[in-house]
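Protein chains: 2
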Amino acid sequence: MAPERAKSSGTPRTRTEKVHHALRNAIIEQRLAPGSRLPEDAIGDSFGTSRTIAREALGRLAVEGLVDLIPNRGAFVANPSLEDGRGIFTVRRALERAMVLELAGKIDAATASRLRDMVGREAALAARNDAEAIRLAGEFHLTLAQLTGNALLLRYVTETVSRCSLVLAMYGRPHSADCGAREHSAIVEALISGKLDEAAALMDQHLAEVASRALLNSRVEKDIREVLSAYAREIDTA
Amino acid sequence: MAPERAKSSGTPRTRTEKVHHALRNAIIEQRLAPGSRLPEDAIGDSFGTSRTIAREALGRLAVEGLVDLIPNRGAFVANPSLEDGRGIFTVRRALERAMVLELAGKIDAATASRLRDMVGREAALAARNDAEAIRLAGEFHLTLAQLTGNALLLRYVTETVSRCSLVLAMYGRPHSADCGAREHSAIVEALISGKLDEAAALMDQHLAEVASRALLNSRVEKDIREVLSAYAREIDTA
DNA sequence: GCGTTCACTATAGCATACAATCCACTAATT
DNA sequence: AATTAGTGGATTGTATGCTATAGTGAACGC
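So the protein lines, in turn, are chains A and B. For the first sequence, the positions run 1 to 238 when our numbering is used. For the second sequence, the positions run 1 to 238 when our numbering is used.
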């Protein structure tokens, strides 16, 4: 009667979950431009599955707010307005501020070195690959959320981080990727030395600055199959 | 190429959406007990659709965190632990604090009287009908969220309010309903007179008290595993 | 008597087939 | 020429059937 308490596995086990994650990454990494159509067949073809899987993944992405679903018309990569973007950042700042404060007493030595390590990798990649840098910068925030042990907080931070990536893709300046490493490092050090209020302030400031980089910018659209073929390989090997 | 800007329609148009909404309501209203199995066949039969629809709805509810999906095992109504409950309240406090601060300059005369009116109705009902009072207390928070004009914030506040209701239903004391009216009134007055920081502090305190009243004193353990986990550790070491 | 193994059954995972809907294009009428 | 009605093609919405997997109970060995 009672369900298992072990859940929210890190690795996707079903095809649906794999496609769901792959599509989310594709959107977050800005490989799929906001507003792009996402036909079920094309997605199914790309990942070597049926439309059923693609359709289910799209439905879940719609709940996450990364995809707009229009009945009988299809799915589109979410296309938030500038005002929506500001609202998303507002929510994210509130969440991540709470997140930092929740980390009280949850940073042990092992965790500390793990965080330092992660920030180090970020700094190394900052000037290089865009997609990888974006992913890593997001993962930093996700890791902190995970450390709180608060499942709902993790869920919401995950969603807002994703949506912020999308907003930055639409309105941010081209090379806004290298922003994070130093600021992340400062936050980590504040956390490790137990200065939570300072860490919270730094985080708030960090996100405020990221948000302030919202300016007009447009992107070019590519063929969906071409973009997704790379992601399809990901799930084959899994 | 660009998608419609009209989205998130109020009324569900596809069968999947209808089942999705229906199931969500059923869970939030506790018609489906936490931990209950949700077999695809049974859901399909209940709504007169195929398993496909039920399956899709369950997947979306899983993203929302209202359902746990275990591969090859099935779907279960989420069964938040007491700790989860605390986490939910933490998130809610962060969100509603931000919400109050976002209301700067958005309370005109008409809105002010509308809020006073609403709180007045709450006060009148406080000692009477429980279900109605609970509904009104929730609506107060939802109304404020709506006034911010922030779509994501509204969605998250709506979700957390729902979940808090669920948590209170599981772990809260019977007569924890009569808490709100006076505190709500104080918040409204602070808002109207433009003292946002004071309003935010009041809101934070208000929610903290609701949480502590319900959760801290609760000794009810609905989940056997929770009780036994402490004993299980002893056995492991032996 | 207890534990282990193995077959069985129920249910989820997935693909395919069919039906419904919308859009674009055409053509005819005013 | 513009507008509207109609038709074809493409894409989504839904149901059903097959396959794979995990729990369940019986038979067997210890």
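No residue lacks a Cβ here, since even glycine has one placed at the ideal position from N, Cα and C. Because the structure is a prediction, the values reported are computed rather than measured.
Checklist entry - Going by alpha carbons, who is nearest to GLY172/A out of ALA145/A, LEU147/A, ALA112/A, GLY85/A? => result Residue mapping note: residue 172/A aligns to position 172 of the first sequence, counting from 1. With distances taken between Cα atoms, GLY172/A lies closest to GLY85/A.
Next on the checklist: Any beta carbon from chain A within less than 7 Å of PRO39/B's own beta carbon?
Outcome noted: Here residue 39/B corresponds to residue number 39 of the second sequence, with the count starting at 1. It does not: the Cβ of PRO39/B has no partner Cβ on chain A nearer than 7 Å.
Checklist entry - Which same chain residues, not among the five before or five after ILE192/A, have their C-beta less than 7 Å away from its C-beta? => result As a position in the first sequence, residue 192/A is number 192, starting the count at 1. Counting only Cβ-Cβ distances below 7 Å, and skipping sequence neighbours, we find ILE107, ALA112.
Item to check | Ranges of the beta strand (DSSP E) found wholly within the stretch 13–97 of chain B, counting only runs of at least 3 | outcome: Listed in chain order, they are 67–70, 74–77.
Item to check | Reference ARG37/A, options ALA133/A, LEU147/A, LEU152/A, VAL67/A, closest by Cα | outcome: Here residue 37/A refers to the residue found at position 37 of the first sequence. Comparing Cα-Cα distances from ARG37/A to each of ALA133/A, LEU147/A, LEU152/A, VAL67/A, the minimum goes to VAL67/A.
Next on the checklist: Give me the chain B residues within the contact set of GLY59/A, using Cβ-Cβ distance strictly less than 8 Å, ordered along the chain.
Outcome noted: The count along the first sequence starts at 1 and reaches residue 59/A at position 59. Below the 8 Å Cβ cutoff, chain B contributes THR16, GLU56, GLY59, ARG60 as neighbours of GLY59/A, in chain order.
Item to check | Residue range of the alpha helix (DSSP H) that includes ALA110/B | outcome: What you label residue 110/B is simply residue 110 of the second sequence in a count that begins at 1. Taken as a continuous stretch (DSSP letters only), the alpha helix (DSSP H) holding ALA110/B covers 109–125.
Next on the checklist: I'd like to check one pair, ASN150/A with GLY87/B: are the Cβ atoms closer than 7 Å?
Outcome noted: Taking the first residue of the second sequence as position 1, residue 87/B is located at position 87. Taking the first residue of the first sequence as position 1, residue 150/A is located at position 150. Yes.
Checklist entry - Cβ of LEU125/A less than 7 Å from any chain B Cβ? => result Counted from its first residue, the first sequence places residue 125/A at position 125. No, LEU125/A lies away from the interface with chain B (no Cβ there is under 7 Å from its Cβ).
Item to check | Of the listed residues VAL19/A, LYS18/A, ARG24/A, ASP41/A, nearest to SER165/A (C-alpha basis) | outcome: Residue numbering aside, residue 165/A sits at position 165 when the first sequence is read from its first letter. ARG24/A is the residue among VAL19/A, LYS18/A, ARG24/A, ASP41/A whose C-alpha sits nearest the C-alpha of SER165/A.
Checklist entry - Applying a beta-carbon distance threshold of less than 7 Å, which residues of chain A neighbour THR49/B? => result Start at 1 with the first residue of the second sequence, and residue 49/B comes out as number 49. In chain order: nothing, as chain A lies at least about 15 Å away.
Item to check | Residue closest to GLY65/A, alpha-carbon to alpha-carbon, out of ASP45/A, LEU196/A, ASP41/A, SER81/A | outcome: Counted from its first residue, the first sequence places residue 65/A at position 65. Of the candidates ASP45/A, LEU196/A, ASP41/A, SER81/A, the one whose C-alpha sits nearest the C-alpha of GLY65/A is SER81/A.
Next on the checklist: Just verifying my parser: in three-state terms, what is the DSSP assignment at GLY194/A?
Outcome noted: Here residue 194/A refers to the residue found at position 194 of the first sequence. Here GLY194/A carries a coil assignment [DSSP, helix/strand/coil].
Checklist entry - Is PRO71/A close to chain B, meaning its C-beta is less than 7 Å from at least one C-beta of that chain? => result Translated into the one-based positions of the first sequence, residue 71/A becomes position 71. PRO71/A counts as touching chain B.
Item to check | C-alpha distance - ALA232/A paired with HIS20/A, whole-angstrom precision | outcome: Sequence index remark: in the first sequence, residue 232/A carries index 232 (1-based). Sequence index remark: in the first sequence, residue 20/A carries index 20 (1-based). Looking at the backbone, the Cα of ALA232/A and that of HIS20/A are separated by about 12 Å.
Next on the checklist: Here's the rule: buried if 16 or more other CB atoms are within 10 angstroms of the residue's CB, otherwise exposed. What is SER46/B?
Outcome noted: Your numbering for residue 46/B matches position 46 in the second sequence. Burial is judged here by how many other beta carbons sit within 10 angstroms of a residue's own beta carbon; SER46/B has fewer than 16 and is exposed.
Next on the checklist: For ILE27/B and PRO34/B, I'd like the C-alpha separation in whole angstroms.
Outcome noted: Walking along the second sequence from the start, residue 27/B turns up at place 27. Walking along the second sequence from the start, residue 34/B turns up at place 34. Computed Cα separation, rounded: 8 Å.
Item to check | Buried versus exposed, by CB contacts within 10 Å (16 or more), ARG135/B | outcome: Translated into positions along the second sequence, residue 135/B becomes position 135. Exposed.
Checklist entry - Using CA coordinates, which residue listed in ALA109/B, ILE43/B, ARG13/B, PHE140/B is at the minimum distance from ALA181/B? => result Residue mapping note: residue 181/B aligns to position 181 of the second sequence, counting from 1. Residue nearest to ALA181/B within the set ALA109/B, ILE43/B, ARG13/B, PHE140/B is PHE140/B (criterion: CA-CA distance).
Item to check | Alpha carbon of LEU152/A to alpha carbon of VAL91/B, nearest angstrom | outcome: Mapped onto the first sequence, residue 152/A falls at position 152. Mapped onto the second sequence, residue 91/B falls at position 91. VAL91/B has its alpha-carbon roughly 7 Å from the corresponding atom of LEU152/A.
Item to check | Separation of GLN205/B from ALA199/A, as counted between CA atoms | outcome: As a working note, residue 199/A is residue 199 in the first sequence. As a working note, residue 205/B is residue 205 in the second sequence. Answer to the nearest angstrom: the Cα atoms are 23 Å apart.
Next on the checklist: Residues in the same chain with beta-carbon distance under 8 Å from LEU125/A, minus the five sequence neighbours each way, listed in chain order, please.
Outcome noted: Walking along the first sequence from the start, residue 125/A turns up at place 125. Answer for LEU125/A: GLU132, ALA133, LEU136, listed in chain order.
Next on the checklist: Considering only their Cβ atoms, is the gap separating GLY59/B from GLU56/A smaller than 7 Å?
Outcome noted: Translated into positions along the first sequence, residue 56/A becomes position 56. Translated into positions along the second sequence, residue 59/B becomes position 59. GLY59/B sits close to GLU56/A, with the two beta carbons spaced by under 7 Å.
Checklist entry - Which residues, taken in chain order from the stretch 89–111 of chain B, show a beta carbon closer than 8 Å to some beta carbon of chain A? => result For the stretch 89–111 of chain B, which is checked against every Cβ of chain A, the residues closer than 8 Å are THR90, VAL91, ARG93, ALA94, LEU95, ARG97, ALA98, GLU102.
Next on the checklist: What does the Cβ neighbour count give for GLN30/B, buried or exposed, with the cut at 16 atoms within 10 Å?
Outcome noted: Numbered from 1 along the second sequence, position 30 holds the residue referred to as residue 30/B. Residue burial annotation: GLN30/B is exposed, with fewer than 16 other C-beta atoms found within 10 angstroms of its C-beta.
Checklist entry - Any idea what DSSP makes of LEU166/A, helix, strand or coil? => result Reading the first sequence from its first residue, position 166 is the one you call residue 166/A. The answer is helix: DSSP assigns LEU166/A an H, G or I state.
Item to check | Rounded separation between GLY105/A and LEU101/B - CA only | outcome: Against the first sequence, residue 105/A aligns to sequence position 105. Against the second sequence, residue 101/B aligns to sequence position 101. Rounded to whole angstroms, GLY105/A to LEU101/B spans 28 Å at the Cα level.
Next on the checklist: Which same chain residues end up closer than 7 Å to MET203/A when comparing Cβ atoms and leaving out the 5 residues on each side of it in sequence?
Outcome noted: Translated into positions along the first sequence, residue 203/A becomes position 203. Excluding positions up to five away in sequence, the list reads GLU96, ARG97, VAL100, ILE187.
Item to check | Closer than 7 Å at the beta carbon, the chain B residues around GLY87/A | outcome: Counting from one through the first sequence, the residue named residue 87/A turns up at place 87. The answer, in chain order, is ASN150, ALA151, LEU152, LEU153.
Checklist entry - Given that ASP84/B touches chain A, what residues does it touch there, using C-beta distances under 7 Å? => result Counting from 1 along the second sequence, the entry for residue 84/B is found at position 84. Result: ALA151.
Next on the checklist: Any C-beta of chain B within less than 9 Å: which residues of the stretch 181–209 of chain A qualify?
Outcome noted: Within the stretch 181–209 of chain A, no residue qualifies.
Checklist entry - Just by C-beta distance, which residues in the stretch 156–174 of chain A are closer than 7 Å to chain B? => result Correct list: TYR156.
Checklist entry - Does ARG121/A get closer than 7 Å to chain B when you measure Cβ to Cβ? => result Mapped onto the first sequence, residue 121/A falls at position 121. False, the Cβ-Cβ gap to chain B never drops below 7 Å.
Next on the checklist: Distance check for GLU122/B and VAL167/B, CA to CA, integer angstroms please.
Outcome noted: Start at 1 with the first residue of the second sequence, and residue 167/B comes out as number 167. Start at 1 with the first residue of the second sequence, and residue 122/B comes out as number 122. So the two alpha carbons sit approximately 22 Å from each other.
Checklist entry - chain B beta carbons: is any one of them nearer than 7 Å to that of LEU216/A? => result Here the question's residue 216/A lines up with position 216 in the first sequence. Residue confidence for LEU216/A is low, a pLDDT of 38 falling below 50, so the modelled location carries little weight and cannot support an answer.
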